[in-house]
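Sequence lines, in order, name chains A and B. Okay, so the first sequence: first residue is 4 according to this note's numbering, each after it adds one. Okay, so the second sequence: first residue is 4 according to this note's numbering, each after it adds one. Below is one structure, written out as structure tokens; comments come after it.
There are 2 protein chains.
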Amino acid sequence: MDADETGLRARLVAVGVDLVLREGQSAVSLREIARRAGVSHGAPRRYFPTHVDLLSAIAREGFADLTARVERTLRDADPDPRTRLTALARTYLDFAAAHRGMFELMFRHDLLDSGRLRLRETSLPLFAVLADLVAQARRPTDAPAAVLAGALWANLHGIAQLWAWGSLPLATGATDDDALLRAALDAHLGPAPA
Amino acid sequence: MDADETGLRARLVAVGVDLVLREGQSAVSLREIARRAGVSHGAPRRYFPTHVDLLSAIAREGFADLTARVERTLRDADPDPRTRLTALARTYLDFAAAHRGMFELMFRHDLLDSGRLRLRETSLPLFAVLADLVAQARRPTDAPAAVLAGALWANLHGIAQLWAWGSLPLATGATDDDALLRAALDAHLGPAPA
DNA sequence: CACCGAAGGTAGACACCGTCTACGACGACT
DNA sequence: AGTCGTCGTAGACGGTGTCTACCTTCGGTG
């Protein structure tokens, strides 16, 4: 971002992001990142005392990226809340599918320290956007907006997870996750408008 | 189970199950299991050529356990499909919360080989139970039963995941996942009966 | 100008991991 | 009695994260 381009700290994060996107979460070792950044294996320690710190910084970039994608999608989208929610959901699932390694890392709480590096502060705005749209699309008989938004998010997340896991298509016979996505949106927000 | 109690193979799996339940997924190393089983670090290799094989066997026990719990719950439950689905869902979430390490392992596709050890065959019956109940509770205007069941499962799974992740309560302000669970069931199956 | 002290990166050690391989003990069967 | 399989041992190898001692380099101050 605004960090010195040549600064090792930023370079380590950039290399890590590239690595997790290209080779998945398990490839992101401290030593491998250091190697690709052209420094010794001990160098990262100056900026990231622990592996968790570096991974958290990388995951933070992932949340920022996802948030930016969602905002970009919404910028060009219809004003109708239901349509916007559909676009948001599709962006979420597309992100999970296209950047599987990063998506996995982002929710591996055992590898991350959500307290450090303002990881949580980076992920909350995304939920706020979702919650705001849900509040607009909510019908009077629905659950409270926060609960409805949480349930919908959980549904999106579950679809992404189970899809990555591999048994969902096998169990449902679906060949794509679009049917599941539409079912989830219909369930939480009511039938799609004509 | 029916395996020789004194057989090393069964003992390794039992120790692994115990270990993952007690200390979480990251504690389940080949060498630690061997240590606790009182054998050398190379011994497991005779029965489980690779770490993935042993973890898969452990996860298989997890699925069997979860399936058994669900079946036990349903045995004593009301015949009404909606009630039964609620009981199933609660059992699923309770399991995820109570045996977090095992639950994590069960869906860590990067640590498991779903092909080997009939892991998939062990997890599918559980989904079949869910799908069967959903088919009974399904309303005519709902999505096809398989899709509806998949979407509901994804919702359950997402609630479990995000709850474990830790940001859900923070975002929704909920102090328990019961509100989310009820919202999910209501969304997919229609409002709860009086 | 000389010095010095901190910042930033190097390099080696340590314990642990999964995997591979050579080897020994032991029991059953011919 | 002898031989062959089965099963577990034990050591090595390359990998990991972390810790620590060291070196280099550069900016400010006497």
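The beta carbon of each residue, even a glycine, is placed where N, CA and C say it ideally should be. For clarity, every value in this text was computed on a predicted model and none was experimentally measured.
A:Gly193 by DSSP, collapsed to three states: which one? coil
C-alpha gap between B:Ala6 and B:Ser29, whole angstroms: Note that B:Ala6 scores 42 on pLDDT, short of 50, meaning its location in the model is unreliable and no value can be drawn from it.
The alpha helix (DSSP H) with A:Asp68 in it runs from where to where? His54 to Arg78
Thinking C-beta only, is B:Val31 closer than 8 Å to B:Ala60? no
Among the residues of its own chain, which have a CB less than 6 Å from the CB of A:Met4, if the five just before and after it don't count? Below a pLDDT of 50, predicted positions are generally treated as unreliable, and A:Met4, at 41, falls in that range; the measurement from the model is reported next regardless. Cβ neighbours of A:Met4 beyond the five flanking positions: none.
Under the criterion of a Cβ to heavy atom distance below 7 Å, does B:His44 qualify as lining the ligand ADP? Ligands in the displayed structure: none, and consequently the ligand ADP is not present.
So B:Asp113 contacts chain A; which residues on that side make the cut at Cβ distance below 8 Å? One finds Gly27, Gln28, Ser29 and Glu107 in chain A with Cβ atoms closer than 8 Å to the Cβ of B:Asp113, taken in chain order.
Going by the beta-carbon positions, is the gap between B:Leu33 and B:His54 smaller than 8 Å? yes
Nearest neighbour of A:Arg39, chosen from A:Arg14, A:Gly27 and A:Glu107 [CA to CA]: A:Arg14
Along the chain, where does the alpha helix (DSSP H) that runs through B:Tyr50 open and close? It is not in any alpha helix (DSSP H) - B:Tyr50 carries neither H nor E in the DSSP assignment.
Nearest chain A C-beta to B:His44 closer than 8 Å, yes or no? Taking Cβ atoms only, chain A never reaches closer than 8 Å to B:His44, which makes this a no.
Could you tell me which of B:Gly27, B:Arg48, B:Glu26 and B:Arg25 sits nearest to B:Leu11, measuring between CA atoms? B:Arg48
Short check: CB of B:Leu136 to CB of B:Pro84, under 8 Å? Annotated as proximal: B:Leu136 and B:Pro84, with beta-carbon spacing under 8 Å.
For chain A, is any of its Cβ atoms less than 8 Å away from the one on B:Leu136? no
In terms of residue numbering, what span does the alpha helix (DSSP H) encompassing A:Val18 cover? Leu11 to Glu26
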